[in-house]
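Listed in order, the protein sequences are those of chains A and B. So the first sequence is numbered by my numbering: it starts at 1 and just counts up by one. So the second sequence is numbered by my numbering: it starts at 1001 and just counts up by one. Even glycine gets a Cβ: it sits at the ideal position worked out from N, Cα and C.
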Amino acid sequence: MAKRTKGSKRIAGRGERVAVVKTFKMFVGGAFVRSESGHTLPCTDASGAHVANVARASRKDLRDAVGAARGALGGWSKRSAFNRGQIAFRIAEMLEDRRSMVEARLVDVVGLDPDDAAAEVSSAVDRAFWYAGWCDKFAQVLGGVNPVASPYFDFTLPEPVGVVFAAPSRRSPLVGLVTAIACAIAAGNTCIVVVEPKHALVAVDFAEVLATSDVPGGVVNVLTGHRDELVPHVGSHYGIDGVAWYGAADAAFATLERLAADSVKRVHRLDDRGAASWRREHGKSLAWLERHVEWKTAWHPIGT
Amino acid sequence: MDPETAAETAEAGHANGRATPSRESVRQLLFGDRWDYAPAPESTAHVRWAKRYGHFIDGAFVDGTDHFASINPATEEVVARFATADRKVVNRAVAAARRAYEKRWQPLSGAERGTFLYRIGRIIQERARELAILESIDNGKPIRESRDVDVPLVAAHFLYYAGWADKLDCAFPGAKVRSLGVAGQVIPWNFPLLMAAWKIAPALAAGNTVVLKPAETSPLTAMRLAEIFDEAGLPPGVVNIVNGAGDTGAMLVAHKDVDKVAFTGSTEVGKSIQRALAGSGKRLTLELGGKGANIVFDDAPIDQAVEGIVSGIFFNQGHVCCAGSRLLVQESIVDTVIEKLLDRIATLRVGDPLDKNTDVGAIHSRVQLDKIEELVQSGVDEGARMHRPACRLPDRGFFFAPTVFTDVAQSHRIAQEEIFGPVLSVLTFRTPEEAIAKANNTPYGLSAGIWSDKGSKLFKIAGALKAGVVWGNTYNQFDPASPFGGYRESGFGREGGLHGLLPYLEVR
């Protein structure tokens, strides 16, 4: 078998084809973009060998992503739940279809053995599929009619929080990322994720899945870079309504929470676990989806 | 008539609180100064309270130091003096709550916990009138409201959550739930008993224990509630109440052995609590300020809408976080709505909170009155037009006549800032889209009202408003079964209903 055209093989061996290598760009507003800053971070494989350079998201990149996410929010949240579900299911379809590419990346770059890589992708597809199904169901399970003691029809429905920033798992290369995105967008939010160099190439592959899944531009924005570097900007940006921080370090998270108070952001610190745990059940949770909703209670008199 | 109390309005016809005679389209009830209402004071003879209070810790009323006075805002007389809890007292209260959590409250079954809540609810019903009178004395709200709204809702809240205590496993199917531990709760002065009930009942039902800090200007009824807990046989330490001002509250919420913090109050203080708790791992819910939009469309039932506008902004002197303080009226009907509104306001009786005929009671404190006056002055200075009915305000006490501003621009402070008083700002709109944009044009997102006879319009607007509670063809309705809370800078978390359990449980 010919050597995989992984990013690091810029110079092929004698007699081999000189591969055209991919530039791993970020995914913002439905387009693949480089960092406005021009900065990149080296991405290495499990052995430490250089594989590719990924964009190092700057404050301006974050702001662009927030702009894109906010612009997409009205359209995404107002779509029918059925239609959101159709698009979310399509993500699972496209990931399944492109699994060989993603599996190869998990083996070559992240360093998983092939069985693990296959399990990781299968689980990620299943996770996307699981959350997709919630799109047109969670409102019934989480909301309801309130039996008030007066002649009013009173009901409570979940609505999206708005623009959600997620820092996905550092331990689960794909399932953690898919979970972070899926539970935000299933609830009708638009989201921004930042993925660190270790898993950045997998994330960019997944962004390509998103780009071909009829997900409207701006609904999911994938940045690559250092998440702790973006903490001050995420915390203080008034265009971000909710934050889901998976496996936060204490100091960075405290800073984030302190800054988030200025705009009364909803900040959630969610458990990170080992990749195997993510593959099984971790993150498959209606309670996580619930963290990305607001409750609206509406009253109307009953009479003639 | 005293010029101080005469109607203040730019419209000449409104002097003496009567509508312009030329307006033949509107039929009016001309009360004006034709007669006075005979006083109908609620008897306070049977209600006793102490001159000094300390704190309620570990099931006992304990003495304290550094007493401050709580004032009856209608008379400016001292109601009682209350101790200030310092760090040592807060430590004792939290330690008592922790012990009670581990040794007394957790070991009980849900059914047993529920029975205690049920007992509390029943005793509140039995002692309802006494509680209502004390609430009106210490807070300044009309007895009609404390008797008919606050206290019945307080009892109902305990009774409602009593029934949840043994059904937590069914509350969130498929999930495992667990109590959090000790809840530190800080409540405001506008609904002293009701806020205590909103905080304590779900916390206890979910299996937590509580340290509550009432507002320093309205602490009386919380101490009466403590007596009721005692009477109900609630195990010592399950609810502890510490008195004091902001410093005490800050110590409580930052206490390292408090697992969950719940705060109702201003957005400013809420933000400072969120900041202070950063990195602590404590669970937090905030119920903060608002600048509720009450939207009246041209197809609304106008007479009903006028009633809703009045209850939206003048209920509890406008000391309501979800008050409909911004009236958005469709341009084509604005003249009619304002006419009817001013006529209706002219019939409001402002005065003695303990008089059963009083509609608008006393402004809660001198500080609040000053704040209202300052913001009203800013409205005048910024060019809005002020309307005020003729009403004789009592000589003593803190009172403020119902006030309506027209010609208000969105940039005016009275359209942006929470006044927390009986002051309504009227803005207009032409299209539903404009109404939505204006309604959402604040950092808040607590409440909104919509008045229209068209169902499809109600649903569309209700969906587009960034508000946690939306009232369609009604306003200021509350029920223990109905989740209440805000979007955006009005806070997070819900109180009431099934959703009101979430802040007090770990759901996995």
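Around Gly1121(B), the same chain offers Ala1155, Phe1158, Leu1159 and Ala1162 as residues with beta carbons nearer than 7 angstroms, after the five sequence neighbours per side are excluded.
Pairwise C-beta distances place the segment 1037-1048 of chain B out of contact with the segment 1085-1095 of chain B, as fewer than three of them are shorter than 8 angstroms. Bridge pairing for Thr297(A): Thr156(A) and Val1469(B) [DSSP]. The beta-carbon of Pro1188(B) is placed no less than 7 angstroms from the nearest beta-carbon of chain A.
When only Cα atoms are considered, Phe1398(B) and Ile1143(B) end up about 16 angstroms apart.
Secondary structure at Asn1208(B): coil, using DSSP grouped into helix, strand and coil.
Secondary structure at Lys1213(B): strand, using DSSP grouped into helix, strand and coil.
A residue is called buried when at least 16 other Cβ atoms come within 10 angstroms of its Cβ; Ser1482(B) meets this threshold and is buried. Excluding sequence positions up to five before and after Glu257(A), its CB lies within less than 6 angstroms of the CB of Val267, all in the same chain and listed in chain order. Neighbours of Phe253(A) in chain B, taken as residues whose beta carbon is under 7 angstroms from its own, are Gly1279 in chain order.
Listed as beta-bridge partners of Asp1355(B) by DSSP are Pro1041(B). At a C-beta separation below 7 angstroms, Val1507(B) has these neighbours in chain A: Ala287. In this structure Gly1181(B) is in contact with Tyr1101(B), their Cβ atoms being roughly 6 angstroms apart against a cut-off of 8 angstroms.
Beta bridge pairing from DSSP links Asn1240(B) with Val1211(B). Apart from the 5 residues on each side of it in sequence, Leu106(A) sits with its Cβ closer than 8 angstroms to the Cβ of Leu112, Asp116, Ala117, Glu120, Val121, Pro173, Leu174 and Val202 in its chain, given in chain order.
Residues of chain A with a Cβ closer than 8 angstroms to the Cβ of Val1470(B) are, in chain order, Lys296, Thr297, Ala298 and Trp299. Counted as a single uninterrupted DSSP element, the alpha helix (DSSP H) harbouring Ala65(A) occupies residues Arg59 to Lys78. For His1055(B), the uninterrupted beta strand (DSSP E) run begins and ends at His1055 to Ile1057, by DSSP.
Counting C-beta pairs closer than 8 angstroms gives fewer than three between the segment 1339-1348 of chain B and the segment 1436-1451 of chain B, which falls short of the contact rule. About 5 angstroms separates the beta carbons of Gly1265(B) and Pro1188(B), which is inside the 8 angstroms limit, making them a contact pair. Under the 8 angstroms Cβ criterion, the segment 1445-1464 of chain B counts as touching the segment 1483-1490 of chain B, having at least three qualifying pairs. The beta-bridge partner set that DSSP reports for Ile1295(B) consists of Leu1328(B) and Ile1450(B).
Taking the CA atoms as reference points, Ile192(A) sits about 22 angstroms from Trp295(A). Here Gln1330(B) is buried: its Cβ has 16 or more other Cβ atoms, across all protein chains shown, within 10 Å. Among the CB atoms of chain A, one or more fall inside 7 angstroms of the CB of Ala1462(B). According to the DSSP secondary-structure assignment, Leu1427(B) is paired through a beta bridge with Leu1328(B). In terms of beta-carbon proximity, Gln1477(B) lines the interface with chain A, with at least one pair separated by less than 7 angstroms. In the three-state scheme derived from DSSP, where H, G and I count as helix and E and B as strand, Gly242(A) is classed as strand. Under the DSSP assignment, Cys1391(B) falls outside any beta strand (DSSP E); it carries neither an H nor an E label. If the five residues before and after Ser1179(B) are omitted, its C-beta is found closer than 6 angstroms to the C-beta atoms of Ala1206, Gly1207 and Asn1208, all from its own chain and listed in chain order. Nearest neighbour of Gly48(A) by Cα position, chosen from Val234(A), Lys198(A) and Arg127(A), turns out to be Lys198(A). Excluding the 5 residues flanking it on each side, Ser37(A) has same chain C-beta neighbours closer than 6 angstroms at Ser58, in chain order.
Among the CB atoms of chain A, none fall inside 7 angstroms of the CB of Ser1266(B). Judged by DSSP in its simplified three-state form, Thr40(A) adopts strand. Rounded to whole angstroms, Gly1312(B) and Val264(A) show a C-alpha spacing of 25 angstroms.
In the three-state DSSP reduction, Gln86(A) falls in the helix class (H, G or I).
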